[in-house]
Every structure is written in C-alpha cells, then in structure tokens.
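Contents: one structure, followed by commentary.
Protein chains in written order, with this note's numbering: chain A, 41 to 377; chain B, 308 to 724; chain C, 313 to 852.
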C-alpha cells in the first residue's frame, strides 16, 4: 500500500479550520479576526444557506482585497433580512438599489473607483455585486449580461436557492424541474416545475467568455473561499454561482442546509466547477456518488415524488439530468473510478 | 466664447466643462448627439478622468449612474421618451437614495403610437419621481442649466433632470456662448458627496424602510425640494455674477406687469409665444408670458406673484393627461389658492405637431374674449377624430385608431405607403 | 457624513437585534467518551495522547499516556488493542492504529531516555507488592506517583513476570522490557528479587507494610491426562517459554506437538519453529473457535507452523502420538468421531492454560478463594483489610493490559484506603457512538501498516517480527483519530453558523455559543464531525 502524503491533518481539508494547519493554510472562516461582513442580528430564517454563503463569500473577498471591498446588492432575501431600518448587518460599504440592477450599480461603483484611482486613490478597491437567483437569472439578467459583455471589473455572486423565496417561494428560472413552488404546485398531470425550462447561469456566463466563472456550494467552504479569492486575482467580469439551500422554500430541516448542499454535488444535481475565458478548467470530483433520491428525499418540495406510488419516471428524469451534469462537467474522477 | 453649434453639442460642451467623472448612456433619439459628443471628447482625452460607459439599456444607464454617484463620482446621463420610461424604476431610486445625478432629457413623445418628435410627456411623467426638473427655453439656457444643475444637485444631494425639447433644441444650430473652464470651475466646486461608499467609513445605503419611518423619509424629500426653491434663484444670481448671463431661476416672466392675460408654458415653445405676445402687445393687447423653468419643485409662490393681477391664465402645455387634460395647468391652479381666475388649459404640440404663431394669435385672442373652453386642443383635426369616432360607433371592432387616422389623413398616408 | 435619514445605516447596527429569542432548542457543547478510551483495560486516555501526537509533540503524548500506563513500548507490542476493535474509524475505513502509535511513543521514550517523574512529596506509607509482572509493576508505578514507598517482592530472578516468562522475545524484545521496568524502578521503587513470599501476613508484619497488593502471575501450567509411555516427552508450554529466558534452552526435538489453542500455544509453537523444529498445533475445535488472536494464528501459519484443527490427543507414545478427529455438534462443542490418526512426535507441549500459586494466602483470615482465584470487592481489596489483589490472581480475563489496568485501579484504591477514604471513580461520559459523528469531514486515509520482518528471518531468528512506525507514519496514524465525542477545534461550528453565534475562544480554549444571536438552527450540531455538540430544548 502506498502511503498517503504526510500532509494529512486529522480531518483533511474538509473542516472549516484545524488546529494542526498553519495559519496561512486555514480558511478565512476559521480566523478569529474574520470580518463577519454579514454580522449577527440579521433576520434570515434559521439555517439560511444564503446568509451563510454571503458571509463565506464576502469575508473571503474582504480577505482577498485587504478589506478594500464595496458590495452592490440586488433586492431579495439577502437584502431584506440584512438591512431593515434601523439596523444593518453589513460591516462593509454596501448598497442596495433595485431588484434587477445590481450588476449595473456595481459597474458604476467600479467605474467610479477607477476614476478615483486615476485621481490618486491609493486603495485598490474592488467591487462585488450579489443577488439571489431571481435577481440574477431573471430580472437582473439583462444588466448582468451587459456587465459581462463590457467585462467590467466586477465579481458577481449569485446565491441560488432555486426560487423567489422572499416573496413566498415562487418559481424562478433557476427552480429545478419537478420542484414544488407556490407557482408550480404538485398538481395536475405534470406536478411541480416542468422539465425542459430554466437556465443555468454559469453556462451562460461562460458563453460571455469572461475571465472567470465558478460554481460552489456552502458545503465546501474551502472550495468556495478558494474560488472567491481566485476570482479576485482577475480583472474584469467574474461570476460565482453558489448553491444555497433554503429551509423555508425547500421544506428542509434547518440543520440540513449544509448536508443538502453536499448531496447536491455528490448526486450530480449541482455541478461544481471553474472556467476561465469560457473554458472549463477544473471540476470538483464527486467523493461518494449517490443516487438523486438521496438529495431529493429530505426536501418537501420534492415530497410528491415519494408518495405511496413513487414517481419513478420523474425521478429517473432527474437522475438523467444529474448524469448529464456528471458527464458534461466531468464530475467523476477518472483515475479513481 | 461665442460659437455656432448644435444644441446637443452645446450641452455636451457644458457637461464636459463640469468635469464629469462617469458618463453612461444608451442611445435614443433625440438624445444621441449629446452623448455622442461627450463620448468623443472622453475618447479623445479632452475630458480627463472620466469614464464613458456604453450600457445595454436605459435601466442600466441609470443604475450605473446610481452606483457611480454613490461612490462619489460626478455622474451624468441622458435619455428621452421610451428610454426614460424604461429607466423609471431606477429614476425613482436615484432620487430616493438622494444621489446627485444630472440627466438630460431630450423631450420626446411617448408611444404608442411610437413617435420620435418633441413633446413633454416623458419628463412630465416623472414629475413625482423626486427629481428636480428644469426646462430650458433656448440652447443657451440648456447649456447654462447643465452647469447649474451639477451645483444644485450636489448641494442638495438630489438628482436633477434638465429637460430640453427634442430636435427643436437638441438639433438646432444656434449661436451659444460657451463659458471658459475657469468660469465653470469658479462656479462649480468639486463634488463632495453627502454619503459615499467608502471602505474606510462603511455604510449601508438603501435600507428597507417600513411604515415606521417611510412617511418621514418622504416628507424629508419634499422638504429638500422646498429648499431647492430658495437655492435655484440664488444659484441663478451666482451664475449671473460669474458668467454675466441671466439664466435659470424658478420662473421667467415676460411682459406680465400689467397683463390681463398671462400665458404659461415651458421650454422652447416660449420663444414662439413671446413673439406672438410681442405682436399682440404692439396691437395694444395686455398680454404677457410666464415661463416655468423649475417644474419640480413647482414654484407656487413665484407663479402666484406673477399672475395675481391678471384676469386670466392660459396654460399652454406639450403634455396631456388622458382622462383629465392638463398637467402643468393643474399645478398652476394650485397656485391660485384664494384667487378667483379663469384658467384655460391648452394642449399643444403633441408628438411634434408644429405650434404656429397664427394658431397662437387666434388662441390668445379667443382667450382675451374669454371665449375659450376650459380644455382646448390646439389645431386638433376634428375631421379625422370625428370620422374615427363615427366608425367606432358603427362597428365595435373598427381596427386600430392610429392606422385608421393615417388612412384618413391621405397626404400622410401617401407618404408612408 | 450627514447621512440621509433611514435610507443609510451605520455598519453592523443589527447587533441590536437579538435573534436568540427565536430559539426553541439550544446547542450545548458536550464531551463524550471515545469508544477506545471506554474500552481500554488499562484506562488509557487514548484520544488524549493521540491529540498531542497529532501535533507532533511526542513527549507530551508520552507523558499523557504514561499517566495511566507506564509501559507504552510493551503495550505497543503485546496489547491485544481491543480499543482498535471499537474504534469508530473502523466503520469508515480501518481503525486508527492506536497500538502502533503507542509503540512508537514507547520506543521514542526509550530512545530519548524520557523519565517518569518521581513524586514531589513522600507520604511515609509503605506498600508491599508481590509479583513484578504487569499488574505489580503498574501498581508500583502508580503508588510511587502518589508518594508512597513501594517494595516489590519477586520470586523470579528478573522483573517482568509473565511479560518475560510468557511472551517470546520475537514479540517483546527484552531490552524494551528491561527499559520500561527500570524506568519504574528509577522512580524509587524498591525491588527484592528471587524472593518468594510464602505468607503474606508474615511478610507484611515483618516489613511493617501498611498495605499490600498481590499480583502473582499464573505460572503453573494446567495439566491434562494423556496416556503416555515413560519415555514420552510431555512438557508444559509455560516451562518451555520460561526456559527460553535461561541458559538451558529446552530440548524439544524436531517434531513438536503443541496441544491447545490459546495464545500461549501459538507462542510456544512459534518459538519451537525458531529453534528449528517443525511444530504442529493440535486443537480440538476450528480456527474461528480458537481463543488465540487471529493475527497471531495468521502469523504462525505464515511462519510454517502447522495446525490440526478438530483434533484431540488420545495417546502419546515414544516417537508418535495418536490423535482423534472431532466434529462440532449443533452447539459448537467438539465431539469424538472415532477416527484416529498417528503423528510423529519427539515431544508434546501442553498449552492448556495456567493457574496461580496461591500458597502465600494460606491462613489469611477473611479470604475467599474459588476456581483458583481470590475474590476481591469493587475496590480490589480482598477479605483481609489492606490486602489488595489483581491481575491473574482475581477473576478476570487474563492479559497484560488487564493486569496493568488492575495495577492502576488497585493503586488508586490503596491510596484512598491509606488515607482512610474510599476511591470513587469520576462519572463517565456517554460513549461517542458512530451515529453521533459526521464522518464526511474526515479525509479518506487508510491505516498505515507496520512493516513485517522478512519471513525467512521470522522462521529462524528471534528478531522482533513486527516493526514500528517511523515518525512520519506515526504522525499520519495519530492524525487518523476522529476525536470522537471531544472537540478538537476544527472550527466547523464557528464556520457553519449562519448567525455568527459561535465565539471562538482561541487555541486550546474551544468555543462558546452566543445565545443572544443563536437561532437554534442546529447546523453546528449536524456539522460537528466528532459529536461534541448536543441540542437541548429551551425551557422558557
């Protein structure tokens, strides 16, 4: 048997931190002095994946920019739960304008920074725009595409929880097929969200051939932080799409948020990868391949698939989508399998 | 320096002299020549430390402006008509957030039917958006108002919309006096934002405000516009001192001293009205004109002072509130509080319909005889209207009105088909 | 900055909103007992010393280990490491090689001459220990730590007892044994060798001992009646193993029959093999019923030891033996078949178990002896006050680790008794079972296998069969520990809380919940790798 490399830290690199790691190898979130860009007291639901993802991403971006960061935020859960007057949870310069314009607002901020730098500003201030899947793939799509196309120096982060959760769980173009939402009820001949619709924004971002596109989940913090930091090494438009489970909208237990994120990747339902200038450069390999049922079952939005007579055909279609992801984004480690 | 140039280019020059930092725009007639002019100057390096951003829509244009303004950059954009409507959500947002963006609206009708020609429907539709709206009478005034606009906007931390008539002003070549950079610099200090996205002093801009504070926020926005009522005349005086030119202000009375009839209007139309008034004065008619420069905030007191000795008021407006009539007229009437007076609303020049002195002579004479109905449509072709109405009475689904009318107006129809 | 009212807010002002009021359940940090610790007969804090080893601080790890067991180098060779059988990692890939890390630490200690610390103060009490085996020497060590004067009486010529006379040197090199014995002696333990205690009460009285711990090993071989001729050479295993320690090596001949299925049978067969013989083990049942540890059977088979399963010896002749084939009945007991076979044999070695010589207890009032062992109470005291007993002498499974554990336990009880008190063991935490863990977070890391001595050398020499880990592999192995049930500061709870309601207190200080903001989502519990957080209902 060949030995594992000696650099093995009790629990590998999967935990947030580890006392055995050298400080520079620890995650941002393990740091006692992490920014907590999104601070306590916000009004997100228990177990909110978006609140978690936002702190992960923005803290990492703060780390990468030496705290020289400004954020533009689309309307949505993240905005509503973080900044209801008279309290804000943000500890960074942050701006909310509208639902569909966060990328353009960010363009404006970045342009203003560019001019300020020309006029002598020393700080290399970077700009992040963020929004939910509705604000990104639907109403903000035009502004986002424009920002990509101009290659403005903005990192756009989409927190994808697969629906309009803030308004009461309606379907978005990121809602997965078969999922129950308030506007795709599990009734009629095709219960839940229909197959054959929806869009996968990361692929669209790649089509713009912007410098950097990545997907991530809140289950793999180190990967997420790595991608945010990597994104900050590029100038120009960058896009990171983070899967963030929503206990409310998914009908999942609040403590299962990370578990579901993990299962989304391990079943192939959500591909985790990186792309540069339109080409796939890296994909996170599935560690323990599981059938999609493992991911679907804990979520009430898919409960109609698992009744007395399970919707075998529908589950098979979802499995086929996962299999396609696995092929397309090379999610299996060829050497290991 | 006196120069012959197109109105759009005069505005572009004015904006350039204001040392803008971010210009973002999406093309729409008749605004295009303005931003083309500025874009060229930025690209040529004539405007330093300025970023020109070609955005993908007017919504994005205003959104980029919001972002850059909130980051402390002097920001300018321009639009017209449908473009203004397309950015409406962001227009309200900019004022709600108190961002001193300056925007030119090259006034143009709103469709459908689509129409590229001038009226004031676009700007007027945004009268409640919280923006300051200043209407230019001439290209010189348009140029001057832009310089004042930046100062006004930044002093109050409110966005300012400079409204100039599409084509009539934007595309008209006139002699204008282009100020020197020194003059503009003397008048307009560098932008010091009231709030700014600053990594060294972080704030959250754009909080969600509930019933507990929303009314107060709204009232404070109103209060700020009230401050503008005092600031605008002051600024015109300061402008006069530096540039030697009387430009801007709230209202612009012309031969109203002993006038029995006062015509109220906005924009380039005032020129035609003044010519007509001059001719009627020559004929002994006691008639005057009150030009409204500041439509928002609406100068109730100034209007009241100007008209209180008159017998009647004729509000001539290039806009139309379907279902009631005048919009400017309604605001003017608010100034009448406690004064009994006849006020006639005249809708004119919609979609670029020419307003001729002949028509005005006839109109004002009728007004002088108090022979006007409360709501008049200047030069309305009753023949066309009545035919369509008759057709509709006969047949419930008589087809699109616009096409039917085009068919009726045979000369136009011949040109098109 | 004259900020607009309500629209623009100061950073972090949401701290005024105490979302903890939403909570219906609250997370609390707990410590659970790791299965290895729970299982260890010597009561070692295995997870505790692995923790130090993980960071490469081997001396600290060794010190932590020797709080409970002074013989890691011996343990790392002869302990049957039942800790590894219950190791939760076994359900993941393979158990942590606790035993091999222990040996590494023990060998490091010998190599670097680390010392056990003598007591800071003497109590003036004097304790007699009878027997310098694992139990006696363990008790000697612990009693010295308490500050008591200790004198060990050993009947044999050397320290170690069954560790020396029952375990072949290819499993436990004598220099290792000597080193760990001497280290205890160096703490100030007095040793009287070659002195058999004939009567415990007399010895105690003569020596003015305040208490005694009896730890006599099971050195007397059990016999079985085998019809045999006068010339047949029938010897017992324990004598063979003992004589291996002396000058006169036993003369067994070429064809050696070993009768029995315990570890001793294996030991003696492997010893015979190394002496050039061709040993055959005769055992009446099947391999899976064999009491010997399977790894030892496997090693013996590898070395060329033959085993005749399902066989009993009916008769031993001059140069041969007769065996009868057996078969298992429904309840697993071997039954004779009437089928016989003859095997050539120069000698027969009986390995059928051992008894303890209890003669020293004769005449001691209040003692209760049954089945060849002494009855002790929960505090390991015999019916005679002040006389304690452990190891092979008391009813228990017999192995070295249990003996060492008895020594520790007895020492604690003797110490308490000497102070006029009763030792009460601290309450134990709930065991951290596998279901409490979130094993996703543990990287895949198969067990490091210790190198094995080349087969030819194993068949012909008494060199140690199993090698040790080197530093890098020992470190790797230590780091495979899951830290079941006890926070190891992985920062997961600190990281995964969507409400920043976990306060990190700094290295070694673990974490605290900030209940002002904790909404009780339970994510920290779900994502804690080692099961060190529990959810409890809120009461108000």
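C-beta: ideal position from N, C-alpha, C; glycine also. Owing to the predicted nature of the structure, the values given are computational and were not obtained by experimental measurement.
Residue 262/B (DSSP reduced to helix, strand or coil): Since the first residue shown for chain B is 308 and the last is 724, residue 262/B is missing from the structure and cannot be characterised.
Any chain A beta carbon closer than 8 Å to residue 341/C: Taking CB atoms only, residue 341/C has no neighbour in chain A less than 8 Å away.
Interface residues of chain B facing residue 321/C [CB-CB closer than 7 Å]: Neighbours of residue 321/C on chain B, chain order: 510, 511, 514.
From 132/A, 364/A, 351/A, residue whose alpha carbon lies closest to that of residue 324/C: Closest option to residue 324/C, Cα to Cα, is 132/A.
Anticipated Cβ contact below 8 Å, residue 492/C with residue 832/C, distance rounded: Contact check for residue 492/C and residue 832/C: beta-carbon distance about 51 Å, past the 8 Å limit, so the pair fails to qualify.
Alpha-carbon to alpha-carbon, residue 810/C and residue 299/A: Rounded to the nearest angstrom, the two C-alpha atoms are 14 Å apart.
DSSP bridge partner residues for residue 470/B (one or two, in chain order): 412/B, 442/B, per the DSSP bridge assignment.
DSSP three-state assignment for residue 248/A, whether helix, strand or coil: Note: residue 248/A maps to coil in three-state DSSP.
Min CB distance residue 357/B to chain A below 8 Å: Interface residue (Cβ-Cβ distance to chain A less than 8 Å): residue 357/B is classified as such.
Span of the beta strand (DSSP E) around residue 383/C: Note, residue 383/C: premise wrong, no beta strand (DSSP E); not H, not E.
Where residue 502/B meets chain C, residues with beta-carbon distance less than 9 Å: Going along chain C in sequence order, the residues near residue 502/B (Cβ under 9 Å) are 313, 314, 315, 316, 319, 320.
Contact residues within the region 734 to 753 of chain C, judged by C-beta distance below 7 Å to chain A: Flagged, chain order: 752, 753.
Proximity below 8 Å, CB of residue 617/B to CB of residue 566/B: Against a cut-off of 8 Å, the Cβ pair of residue 566/B and residue 617/B comes out as a contact.
Neighbourhood of residue 250/A by C-beta distance below 7 Å, restricted to the same chain and skipping five residues each side: Cβ within range, chain order: 188, 191, 276, 277, 278, 279.
Neighbourhood of residue 47/A by C-beta, 6 Å cutoff - its chain only, sequence neighbours within 5 removed: Here residue 47/A scores only 44 on pLDDT, less than 50, and its place in the model should not be relied on; the value that follows carries that caveat. Contacts found: none.
Chain C residues whose Cβ lies nearer than 7 Å to that of residue 72/A: Neighbours of residue 72/A on chain C, chain order: 816, 818.
Cβ neighbours of residue 325/A in the same chain (closer than 7 Å, five flanking residues each side left out): Here the set comprises 371, 372, 373.
Cβ neighbour criterion (16 or more within 10 Å) applied to residue 480/B: Counting Cβ neighbours within 10 Å, residue 480/B comes out exposed, since fewer than 16 surround it.
Members of the region 117 to 134 of chain A that neighbour chain C once the beta carbon cut-off is set at 9 Å: Answer set for the region 117 to 134 of chain A: 122, 123, 124, 125, 126, 127, 128, 129, 130, 131, 132, 133, 134.
Inside the region 356 to 400 of chain B only - beta strand (DSSP E) runs reaching at least 3 residues: Every beta strand (DSSP E) of 3 residues or more that sits fully in the region 356 to 400 of chain B is shown, in chain order, as 358 to 361, 382 to 386.
Inter-stretch contact (C-beta, 8 Å, three-pair minimum) for the region 311 to 324 of chain A and the region 766 to 780 of chain C: With a cut-off of 8 Å, the region 766 to 780 of chain C and the region 311 to 324 of chain A do not count as touching, because too few Cβ pairs lie within range.
Cβ-Cβ distance between residue 118/A and residue 172/A below 8 Å: When the beta-carbon positions are compared, residue 118/A and residue 172/A come within less than 8 Å of each other.
Through-space distance from residue 93/A to residue 113/A, alpha-carbon basis: Residue 113/A and residue 93/A: Cα-Cα distance of roughly 14 Å.
Whether residue 574/B touches residue 472/B by CB criterion (8 Å): Yes; because the gap between Cβ atoms is below 8 Å, this pair is in contact.
Neighbourhood of residue 534/C by C-beta distance below 7 Å, restricted to the same chain and skipping five residues each side: For residue 534/C, same chain residues with a beta-carbon under 7 Å away, outside a window of 5 residues either side, are 664, 665, 666, 667 in chain order.
Cβ-based neighbour list, residue 707/C, same chain, cut-off 6 Å, excluding 5 preceding and 5 following: If you ignore the 5 residues before and after residue 707/C, its C-beta comes within less than 6 Å of the C-beta of 685, all in its own chain and listed in chain order.
Three-state secondary structure assigned by DSSP to residue 708/C: If DSSP states are grouped into helix, strand and coil, residue 708/C belongs with coil.
Bridge partners - residue 667/C, DSSP secondary structure assignment: Note: residue 667/C sits in a beta bridge opposite 532/C.
Rounded straight-line distance, which links the Cα of residue 368/A to that of residue 605/C: Each residue's alpha carbon lies about 51 Å from the other.
Short CB-CB distance (under 8 Å) between residue 366/B and chain A: Interface flag for residue 366/B against chain A is set, since a Cβ pair is found closer than 8 Å.
8 Å Cβ cutoff, residue 404/B in contact with chain C: The beta carbon of residue 404/B falls within 8 Å of a beta carbon belonging to chain C, placing the residue at that interface.
Residue-level contact to chain A via CB, residue 562/C, 8 Å cutoff: So no, residue 562/C is outside the interface.
Cβ neighbour criterion (16 or more within 10 Å) applied to residue 441/B: With 16 or more Cβ atoms within 10 Å of its Cβ, residue 441/B is classed as buried.
Proximity test, Cβ basis, 8 Å: residue 107/A and chain B: At least one chain B Cβ lies under 8 Å of residue 107/A.
Interface residues of the region 439 to 471 of chain B facing chain C [CB-CB below 8 Å]: Within the region 439 to 471 of chain B, 464 place their CB atoms closer than 8 Å to a CB of chain C, listed in sequence order.
Selection of the region 312 to 334 of chain A by Cβ proximity to chain C, strictly under 7 Å: Here the close residues number zero.
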